[in-house]
Each structure stands twice: as C-alpha cells, then as structure tokens.
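As structure tokens, the structure follows; a few thoughts come after it.
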Amino acid sequence: MGLAVTALTACSDDYTDWAAPQSNPQEPARTVSFAATAAAAIDYNSVKSDSVQLFKPSITASSAQKSRGYQSRNQEFKPSITASSAVAVQRLAATIHNAAKTKQRVIEANAAGKVSANDLKTAVIALYGKSDVVRDVPVTVADTIRVAEGESFTKTADITCKINLVKNAFPEFFYEIGAESGWNTAHALRGPDFDGNFEGYAYLNGAFKFRPNTANNSNDLEYVSPGKIADNASGISCPNPGAGFYKMNIVLEKGAKKGTYSLTKINTVSLIGDFSNDGWSTDIDLTYNVSTGVWERDNVQLGKSGALKLRANHDWSLSWGGNDSPEAFDDLTSNNGKNLNVAAGTYKVQLTLSYEGACKVVFTKK
Numbered sequence: 001m002g003l004a005v006t007a008l009t010a011c012s013d014d015y016t017d018w019a020a021p022q023s024n025p026q027e028p029a030r031t032v033s034f035a036a037t038a039a040a041a042i043d044y045n046s047v048k049s050d051s052v053q054l055f056k057p058s059i060t061a062s063s064a065q066k067s068r069g070y071q072s073r074n075q076e077f078k079p080s081i082t083a084s085s086a087v088a089v090q091r092l093a094a095t096i097h098n099a100a101k102t103k104q105r106v107i108e109a110n111a112a113g114k115v116s117a118n119d120l121k122t123a124v125i126a127l128y129g130k131s132d133v134v135r136d137v138p139v140t141v142a143d144t145i146r147v148a149e150g151e152s153f154t155k156t157a158d159i160t161c162k163i164n165l166v167k168n169a170f171p172e173f174f175y176e177i178g179a180e181s182g183w184n185t186a187h188a189l190r191g192p193d194f195d196g197n198f199e200g201y202a203y204l205n206g207a208f209k210f211r212p213n214t215a216n217n218s219n220d221l222e223y224v225s226p227g228k229i230a231d232n233a234s235g236i237s238c239p240n241p242g243a244g245f246y247k248m249n250i251v252l253e254k255g256a257k258k259g260t261y262s263l264t265k266i267n268t269v270s271l272i273g274d275f276s277n278d279g280w281s282t283d284i285d286l287t288y289n290v291s292t293g294v295w296e297r298d299n300v301q302l303g304k305s306g307a308l309k310l311r312a313n314h315d316w317s318l319s320w321g322g323n324d325s326p327e328a329f330d331d332l333t334s335n336n337g338k339n340l341n342v343a344a345g346t347y348k349v350q351l352t353l354s355y356e357g358a359c360k361v362v363f364t365k366k
C-alpha cells in the first residue's frame, strides 16, 4: 500500500487536470446577407395608388459566437452553433440609374420594397424623359441594417426593373425634310414634354415639309398659309425661307392634324466667357460647315481658364450650356444651361446643333 502512494506522488509534477475546463471569452461574429429581386413591371397607365412595388427584399441576419470549450491532448477547441439575430433598424433606398449609369436619382423605399409612385416617376422623367416606351431601368438597392446587438451593416443589390410612363397624346419627335438634302434626309425636332411643342435645328435651302416619321410622307403636314400647316392633302410644301441655318419650332393642336411653325435664322454662333479680359464682351465666331453640318473653328485661343457659353447672333435670347453640369459638353441645352469649364489653351472647336438632348460641343486641344 505504501509503495502505491509513493509512485503517485512522484508523478505529480507532470499532472494536468483535463477535467477542469479552460474558459475563453465570447467572440461574436455576426453576419448579414441581403438580396433583392425586381417586382412585376410597373405600368403608370394602371397605377392607382400612392406607392408601387419596385423590388422584393430578402434579409438574413445571424450571429455565431464561440462558447466555453475544452481542450485535451487529442481534441481542438470546438465553437458553438450559429444562432439567429434580430434586425432592430432597417433603412432601404433605391438608386435609379440612366441606361449608361452616368446619372442617377435616389428615392426612399420601405421595408417591403415599395416606393412613392410620384418619386419614382419623377426620377424616371429626369433620367429618361417623358417617353411612354417600356424601359429596362437599372436600379441599385441599398439596405442599411442594425441588428439587435448594435452592429450596423450596409448591403447592396443590383436589379433591373421594367417601367413605362403614361401614354402620351403626342409623339416625342417630328421631322423636317426638304430640298436642302434632295428630300432624302429627315431632321429631327424634339418635343421632350410630349405636349405638341417641338424644336430642332437644320440648314434649309429650298422648300420643305414636316412629317411624323422618317420613312415616308404618310400624315405629313402641308403648307396652308404663313406659319400654318395641316394634313390637307394639298401637297403644297412650306416655301423656301432662304439658304441658312435655322431653329425650327412646331406647335401642334391636340386631336387635330394641324398646327403652326416658326423659323429663327441663326446667322452666327460664338463662344463668349472668362477667356477674354473684358468681362464676357468678346465673341469668338464659329463658321457653319454645310458639308459636315457642324459649326466649327480651328486654332481658337482661350487666354484664361474659366467658364464659357455658346450663343446665337451675339445675343442672349438663344444660348447653350451644359445640361445640369459644367462638364456636360456632350449634352448641351438652351434651357438655362450651366457655364462650361474650359482650361486655357488653343483648340479646335466643333459644335453640333440638332435638338434638345443631341446638341454637343467638342474642344480638341492643339
């Protein structure tokens, strides 16, 4: 019996009590996943409520934590199982993009993926115009989530939604065709508000007509009297206004194939801006190239960096600037456009005037 006790005491220096567990602190590792799918196509011809279903969200929140474990000579630490975690606060927003994803509008959404019908319509009009065609609209859904334990996450999902606006009474485009092109090329006039008011630019040199399509003369509008046109089957063209570049305007009557037209001759187009030393008093004129359809000038010297605009006939009644941006050289507007920012230097300048949404200027540095 004494021998047994002695042997047990001699081994005490190497003894570890494996039955006593070693504690480890809890280390939460919460995860949140988010997904969104596009809802059914939105047709504003049938929308009757204040909100529309834009997308359907799906959220999964979980928390995995390490519990007290144990370790032995042949076993590693074992974590606990994953448990669900409650979502305490959630905020959803939808970024509506234009087709090229160069412009966007952000609108709020509720937890079910619904948005204000008016906010969505306003965003689509701002990015695409008022056309009633069915569009595939890129949308980025962002979800900012705070779980019950206090951690916050922001997750996004990209979807494509089909949306079309209310059917319009007028088309988006009307066209001029005439002797200036041998009756072969139709020049577009655009009515961005779909209210029967159209505007466009073209070089005219001879008689011409207006028509609702580019392919043929079906439903074209003939000359009635100075400034008046109608679909009267007379076949009479609008008279030659004299060779030159013109701003063309048409106003059509709702429910009737008739209206009025007017022409504004553009004798000069020029640059004006900070590049001069006399406070926006000096114009640099461009020349219209009939063969290319472009207003242009080479070796234009801008002495100072800064803002500039383009204007017609050395007057501010018709001028062009950037649409919503001082860098929108490829999207000029005559509707209170932004001053364009151009660095000092020598340039070749080329201006294309067609219709609202298709006017642009190119500055090529020498």
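Residue numbers 1 to 366, in full-length UniProt numbering, belong to the letters of the sequence shown in order.
Every residue, glycine too, gets a C-beta built ideally from N, C-alpha and C.
(request) Report the rounded CA-to-CA distance for Q301 versus F363, giving the unit in angstroms. (result) Looking up residue 301 in the sequence shown gives position 301. Looking up residue 363 in the sequence shown gives position 363. Cα to Cα, Q301 sits roughly 11 Å from F363.
(message) Just to confirm my understanding: we take A230, look at its own chain, exclude 5 residues before and 5 after, and list those with CB closer than 7 Å. What are they?
(response) In the sequence shown, the residue the question calls residue 230 occupies position 230. Excluding residues up to 5 positions away in sequence, L221, E222, V224, K257, K258 lie with their Cβ nearer than 7 Å to the Cβ of A230 in the same chain.
(message) I'd like the span of the alpha helix (DSSP H) that includes L308, first residue to last.
(response) Looking up residue 308 in the sequence shown gives position 308. Run containing L308: none in the alpha helix (DSSP H); it sits in the beta strand (DSSP E), 306-312.
(message) Going by beta-carbon coordinates alone, are R91 and T156 separated by less than 7 Å?
(response) Start at 1 with the first residue of the sequence shown, and residue 91 comes out as number 91. Start at 1 with the first residue of the sequence shown, and residue 156 comes out as number 156. Going by C-beta atoms, R91 is not nearer than 7 Å to T156.
(request) Establish whether the CB of D143 and some CB of chain C are separated by less than 7 Å. (result) Judged by its chain identifiers, the structure shown contains no chain C, having just a single protein chain.
(message) Tell me which residue opens and which closes the beta strand (DSSP E) that V147 is part of.
(response) Numbered from 1 along the sequence shown, position 147 holds the residue referred to as residue 147. Looking at the DSSP string, the run of the beta strand (DSSP E) that includes V147 is 135-147.
(message) DSSP three-state label for A230, please.
(response) Position 230 of the sequence shown, counted from the first residue, corresponds to residue 230. A230 carries a strand assignment under DSSP once its states are collapsed to helix, strand and coil.
(message) Within a Cβ cutoff of 7 Å, which residues of the same chain sit near V269, ignoring the five residues on either side of it in sequence?
(response) Position 269 of the sequence shown, counted from the first residue, corresponds to residue 269. Answer for V269: L286, W295, L310, A312, L351, listed in chain order.
(message) Whole angstroms are fine: how far does the CA of D132 sit from the CA of N184?
(response) Against the sequence shown, residue 184 aligns to sequence position 184. Against the sequence shown, residue 132 aligns to sequence position 132. Straight-line Cα distance between these residues: approximately 29 Å.
(request) Output the distance between the C-alpha atoms of R135 and N277, rounded to the nearest integer angstrom. (result) If you number the sequence shown from 1, residue 135 lands on position 135. If you number the sequence shown from 1, residue 277 lands on position 277. Taking the Cα positions, R135 is about 48 Å away from N277.
(request) Please check the pair F210 and Y261, which I expect to be a contact at CB under 8 Å, by giving their CB distance rounded to whole angstroms. (result) Within the sequence shown, residue 210 is the residue found at index 210, counting from 1. Within the sequence shown, residue 261 is the residue found at index 261, counting from 1. Contact flag correct, Cβ pair sits at about 7 Å.
(message) Rounded to the nearest angstrom, what separates residue 367 and D158 at their Cα positions?
(response) Nothing in the structure corresponds to residue 367, since the chain is present only between 1 and 366.
(request) Run through the region 151-182 for me and flag every whole beta strand (DSSP E) of 3 or more residues, listed as ranges in chain order. (result) Counting only runs of 3 or more, we get 152-164, 173-178.
(request) Use the C-beta contact count for A202: other C-beta atoms within 10 angstroms, 16 or more gives buried, fewer gives exposed. (result) Within the sequence shown, the letter at position 202 stands for residue 202. Looking at its Cβ environment, which holds 16 or more other Cβ atoms inside 10 Å, A202 is buried.
(message) Whole angstroms are fine: how far does the CA of V147 sit from the CA of D331?
(response) The count along the sequence shown starts at 1 and reaches residue 331 at position 331. The count along the sequence shown starts at 1 and reaches residue 147 at position 147. Roughly 45 Å between the two C-alpha positions.
(message) Taking 7 Å as the limit between beta carbons, can you name the residues of its chain near Q75, skipping five residues before and five after?
(response) Position 75 of the sequence shown, counted from the first residue, corresponds to residue 75. Because the pLDDT of Q75 is 40, which lies under 50, any placement of that residue in the model is unreliable, and the number read from its coordinates should be weighed accordingly. Within the same chain, no residue comes within 7 Å of Q75 by CB-CB distance, once the 5 residues on both sides are set aside.
(request) Can you tell me which of the three DSSP states K338 falls into? (result) In the sequence shown, the residue the question calls residue 338 occupies position 338. Residue state, collapsed to three classes: strand.
(message) Quick check: what's the CA-CA separation for L204 versus D298?
(response) Along the sequence shown, one-based indexing puts residue 204 at 204. Along the sequence shown, one-based indexing puts residue 298 at 298. Straight-line measurement puts the Cα of D298 at about 25 Å from the Cα of L204.
(message) Taking the beta carbon of I96 as the centre, do at least 16 other beta carbons fall within 10 Å, making it buried, or is it exposed?
(response) Taking the first residue of the sequence shown as 1, we reach residue 96 at position 96. By the 10 Å Cβ count, I96 comes out buried.
(request) For N124, count neighbouring C-beta atoms within 10 Å of its own C-beta (all shown protein chains included) and say buried if the count is 16 or more, exposed if not. (result) By one-based count along the sequence shown, residue 124 stands at place 124. In the sequence as displayed, the identity of residue 124 is Val instead of Asn. Answer is buried; the Cβ neighbour count reaches 16.
(message) In whole angstroms, give me the CA-to-CA distance for N249 and S181.
(response) Translated into positions along the sequence shown, residue 249 becomes position 249. Translated into positions along the sequence shown, residue 181 becomes position 181. Whole-angstrom Cα-Cα distance: 19 Å.
(message) To the nearest angstrom, how far is the alpha carbon of I107 from that of G306?
(response) Here residue 107 refers to the residue found at position 107 of the sequence shown. Here residue 306 refers to the residue found at position 306 of the sequence shown. Their backbone Cα atoms lie some 34 Å apart in a straight line.
(request) Answer yes or no: do N164 and D43 have a C-beta to C-beta separation smaller than 7 Å? (result) For the purposes of this step, residue 164 is taken as residue 164 along the sequence shown, with counting starting at 1. For the purposes of this step, residue 43 is taken as residue 43 along the sequence shown, with counting starting at 1. One thing to note: N164 has its Cβ within 7 Å of the Cβ of D43.
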